[in-house]
Ligand SMILES: Nc1ncnc2c1ncn2[C@@H]1O[C@H](COP(=O)(O)OP(=O)(O)OP(=O)(O)O)[C@@H](O)[C@H]1O
Ligand SMILES: [Mg+2]
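Numbering (the numbering used here), first residue to last: 6 to 283.
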């Protein structure tokens with residue numbers, strides 16, 4: 006039943022499924038509980054029913070004691086791969102800047118945020134606190150200050166994706182598809198947008214990156230940030246300051262994944278400390 010592996014995430018591998026060219030199965034690592042997988046399935050089903058650009062979810066399955074979800078296969082490439090290809094070609098902002106993929110991503114996020122989603126109940130704030138936990142190198146006092154900071158942020162009740170890293174958007178020609186809905190929640194869209202901005206502003210490229218590619222990235226980083234931020238603010242009416250207010254909790258959440266290079270974790274921790282100081 007399993008075909009070729011078409012993608013890998015922190016929680017899973019994704020394979021062709023059932024001999025069909027149109028379906029894949031997202032197979033979770035065996036430590037993932039069925040209730041978590043069910044949450045992703047039901048969130049993605051709610052997004053699909055609302056007409057959002059998501060892969061059609063078909064069913065939940067188990068394969069060799071691993072929980073999985075069968076999805077429509079989206080052909081195309083993730084935004085992160087597209088950006089890396091552009092960086093290696095030293096041409097992130099070519100002639101098509103007016104319709105750059107980061108601009109399109111901002112519009113997809115705004116569409117999600119403007120959609121009323123029946124069936125997604127999770128509270129973004131509760132979810133964030135649970136995922137953040139207590140990431141290194143923040144102290145117990147700093148975590149208490151971060152929680153107080155989070156409580157003081159304004160509360161909204163909009164649909165949020167909750168995991169807007171650049172590998173969760175697949176670009177298939179004109180079709181942009183948002184995958185990976187496990188952390189969808191009701192709350193402030195600013196958190197989704199801040200996650201992308203924090204990634205652009207604080208990313209440390211892998212150590213094997215050629216020096217000229219890294220230099221090129223440093224030279225275009227702020228332009229990338231501006232393009233994405235300005236597009237989101239212009240389509241949503243949300244301000245840059247409102248988005249930047251969400252940097253501390255969102256940065257702590259990304260540190261908690263344990264997947265970031267040590268240099269990036271230090272930069273994020275310094276930013277969090279600076280901003281949560283009363
Ligand atoms: N429906 C799909 N069609 C085609 N490829 C997919 C599909 N779903 C996922 N993939 C591929 O598999 C990768 C991992 O999937 P996904 O993002 O759902 O996993 P994850 O473990 O939750 O990710 P993360 O690392 O963001 O936590 C994606 O980046 C993409 O390349
Ligand atoms: Mg993902």
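Ideal placement from N, C-alpha and C gives every residue a C-beta, glycine not left out. Being a predicted model, the structure only gives us computed values, none of them experimental.
Residue i: buried (16+ other C-beta within 10 angstroms of its C-beta) or exposed?
i, result
"residue 130", "buried"
"residue 269", "buried"
"residue 100", "At residue 100, the pLDDT of 49 sits below 50, so the modelled position is not reliable; the number obtained from the coordinates is stated separately. By the 10 Å Cβ count, residue 100 comes out exposed."
"residue 188", "buried"
"residue 126", "exposed"
Among the options, whose alpha-carbon lies nearest the alpha-carbon of residue i?
i, options, result
"residue 43", "60, 18, 73", "73"
"residue 51", "189, 91, 124, 177", "124"
"residue 176", "234, 56, 109, 45", "109"
"residue 162", "149, 96, 128", "128"
"residue 71", "88, 31, 105, 86", "31"
When you compare only the Cα positions, how much space is there between residue i and residue j?
i, j, result
"residue 184", "residue 157", "30 Å"
"residue 232", "residue 267", "28 Å"
"residue 263", "residue 19", "21 Å"
"residue 120", "residue 216", "43 Å"
"residue 154", "residue 145", "14 Å"
"residue 68", "residue 173", "24 Å"
"residue 254", "residue 265", "16 Å"
How about residue i and residue j: are their beta carbons less than 8 Å apart?
i, j, result
"residue 237", "residue 209", "no"
"residue 258", "residue 136", "yes"
"residue 151", "residue 248", "no"
"residue 78", "residue 27", "yes"
"residue 138", "residue 261", "yes"
"residue 195", "residue 278", "no"
With DSSP run on the structure shown, which of helix, strand or coil describes residue i?
i, result
"residue 162", "coil"
"residue 25", "strand"
"residue 278", "helix"
"residue 61", "coil"
"residue 55", "coil"
"residue 71", "strand"
"residue 243", "coil"
Give a single yes or no on whether residue i has its beta carbon closer than 7 Å to a heavy atom of ligand 3.
i, result
"residue 165", "The ligand content of the structure shown is limited to ligand 1 and ligand 2, which means ligand 3 is not among them."
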